Every structure is written in structure tokens, then in C-alpha cells.
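Undergrad:
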Amino acid sequence: IKNAYPNVIENTNKLKILVNNYTPILGGVTEGQTTDAVAALVAEQLGGKFINLSNVDGVYDADPKEDSDAVLFEKLSYNDMNFLLKEKELIPGQNLFLDKQAASILTRSKIKSFFLSGEHLEDLENFLNGNPYRGTTIDEITDVIEVEKPAKMKEIHETETVIQDEVVEEEDEGPIDPR
């Protein structure tokens, strides 16, 4: 990377000084924090954007490596992001698109976030050049999951509704005889 700082940055307090002359490159700087959380803190401190490159090309409703019907979200709100992470526990080696600490930082500071594949660098190049790319954007928008549920989520919801209706019909045996 052109103009990268020549040493590993071990303290985020140096970022504001360095950003004027160098491109800061860093990993984890605080024990117990993930690199996602560190990157979110850096974006927060510098007033920047959060870009996450991983082995999938965005945020899905299910793990695309395990579920061929997984649906890629092109856009999500901060509420959507937190909803998707709500029931998940942070376990080392777990394949979440983001950890809860990073999500909390992104949400509190309303940091526009982008999730792309690190294996398809043409999408990163397109993103950086303002061209269409495959990935997910998280921003201040209307909640997508509640408004436009992916087909798989709609099917689950419709199945639950049918099952609930059937149970209600089975329980409804007419008026109770008061005798």
C-alpha cells in the first residue's frame, strides 16, 4: 500500500498524528478485542468508514458455505445488523460477519460499513472507484429484515403462522357448557 506507515501501530492514539502523512495499517491492539472491534474504533476516531473483507461476499441470512439457499443482503440498517447478531454468542473461531463489540461501536457512531469478499478483490477495486460491487452496506436506512424479508425468512414466518392457526383451530371446540 502506497504511503503505509513502516511500523506496526500498537496504540490507536497515534492514528490522528499518522493519518496526515501515512496510511495506518494495524491489527489487534488491545487484549480481548477482535480486529473488527479495533477497526471500528479506528473508524470512529478518524470519522471514517468501516470496510470488512472476509471469505464471503457480504452479510447473508444464513451461512452460504452451509446453505446453498442463503440470501445476500445488499443493504441493512444498524437495527438489522444487531438483530442478526442478537442470538449469537461470541465463541473463538465462530463464523460471524461481525462481533457484538464492533457492532456496538458502529451503531453508536452510525459508521457506514461495507462487507465484501477479500477473495474477490475486483469488488474492492470497484467499491473504491465508486463502481457497482457485490457486498453489503450497513447504514442509517429503514430496517430491511422487517420490510423485505428474504424468501427463506418469509417461508419460516408463514409456516409458523399456519402452525399457530392450526393449533388455535384444534383448541377452539366451541362454547364451554356452564353446567
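Just add 2 to wherever you are in the sequence shown, counting from 1, and you've got the working numbering. Built from N, CA and C at the ideal position, the CB exists for glycine as well. Small disclaimer: the values here were computed from a predicted structure and weren't measured.
1. Rounded to the nearest angstrom, how far is the Cβ of residue 43 from that of residue 113, given a contact under 8 Å?
2. Within the same chain, show all residues whose beta-carbon is closer than 6 Å to that of residue 87, passing over the 5 residues directly before and after it, in chain order.
3. Flag this pair as yes or no: are the beta carbons of residue 139 and residue 116 separated by less than 8 Å?
4. Any idea if residue 32 is buried or exposed, counting beta-carbon neighbours within 10 angstroms, 16 or more meaning buried?
5. Where does the unbroken beta strand (DSSP E) through residue 238 begin, and where does it stop?
6. Suppose the cutoff is 7 Å on Cβ atoms and the five residues either side in sequence are ignored; what does the same chain contact list for residue 121 look like?
7. Would residue 6 pass as a contact of residue 24 if the rule is Cβ separation under 8 Å?
8. Across which residues does DSSP place residue 141 in a beta bridge pair?
9. Please name the residue, chosen from 60, 71, 4 and 51, that lies closest to residue 119 on a Cα-to-Cα basis.
10. What is the residue span of the beta strand (DSSP E) that residue 117 lies within?
11. Helix, strand or coil: how does DSSP classify residue 100 here?
12. Alpha carbon to alpha carbon, what distance is there between residue 14 and residue 8?
13. Can you tell which of 17, 10, 147 and 69 has the C-alpha that lies nearest to the C-alpha of residue 83?
14. What would DSSP say about residue 10, mapped onto helix, strand or coil?
15. Tell me whether residue 31 sits in a helix, a strand or coil according to DSSP, three-state version.
16. Is residue 61 helix, strand or coil when you go by DSSP?
17. Could you check where the alpha helix (DSSP H) with residue 40 kicks off and where it finishes?
TA: Concretely, from the data shown:
1. In the sequence shown, residue 43 corresponds to position 41, counting from 1. In the sequence shown, residue 113 corresponds to position 111, counting from 1. Residue 43 to residue 113, Cβ: 10 Å. No contact.
2. In the sequence shown, residue 87 corresponds to position 85, counting from 1. The answer, listed in chain order, is 102 and 105.
3. Taking the sequence shown and counting its residues from 1, one reaches residue 139 at position 137. Taking the sequence shown and counting its residues from 1, one reaches residue 116 at position 114. Against a cut-off of 8 Å, the Cβ pair of residue 116 and residue 139 comes out as a contact.
4. For this step, residue 32 is matched to residue 30 along the sequence shown. Classification for residue 32: exposed.
5. Because the chain here runs from 3 to 181, residue 238 falls outside it and cannot be looked at.
6. Here residue 121 corresponds to residue number 119 of the sequence shown, with the count starting at 1. These residues qualify, in order along the chain: 57.
7. As a working mapping, residue 6 is identified with position 4 in the sequence shown. As a working mapping, residue 24 is identified with position 22 in the sequence shown. Taking 8 Å as the Cβ cut-off, residue 6 and residue 24 qualify as a contacting pair.
8. By one-based count along the sequence shown, residue 141 stands at place 139. In the DSSP output, where bridge partners are listed per residue, residue 141 has 79.
9. Residue mapping note: residue 119 aligns to position 117 of the sequence shown, counting from 1. Of the listed residues, the one whose Cα sits closest to residue 119 is 60.
10. In the sequence shown, residue 117 corresponds to position 115, counting from 1. Counting along the chain, the beta strand (DSSP E) containing residue 117 begins and ends at 115 to 119.
11. As a first step, residue 100 must be located in the sequence shown, where it is residue number 98. Correct three-state label for residue 100: coil.
12. Counting from one through the sequence shown, the residue named residue 8 turns up at place 6. Counting from one through the sequence shown, the residue named residue 14 turns up at place 12. The straight-line gap from Cα to Cα measures roughly 15 Å.
13. Translated into positions along the sequence shown, residue 83 becomes position 81. Nearest C-alpha to residue 83: 147.
14. Counted from its first residue, the sequence shown places residue 10 at position 8. Of the three classes helix, strand and coil, the one that applies to residue 10 here is coil, per DSSP.
15. Within the sequence shown, the letter at position 29 stands for residue 31. Residue state, collapsed to three classes: coil.
16. In the sequence shown, the residue the question calls residue 61 occupies position 59. Correct three-state label for residue 61: strand.
17. Translated into the one-based positions of the sequence shown, residue 40 becomes position 38. 37 to 48 is the extent of the alpha helix (DSSP H) around residue 40.
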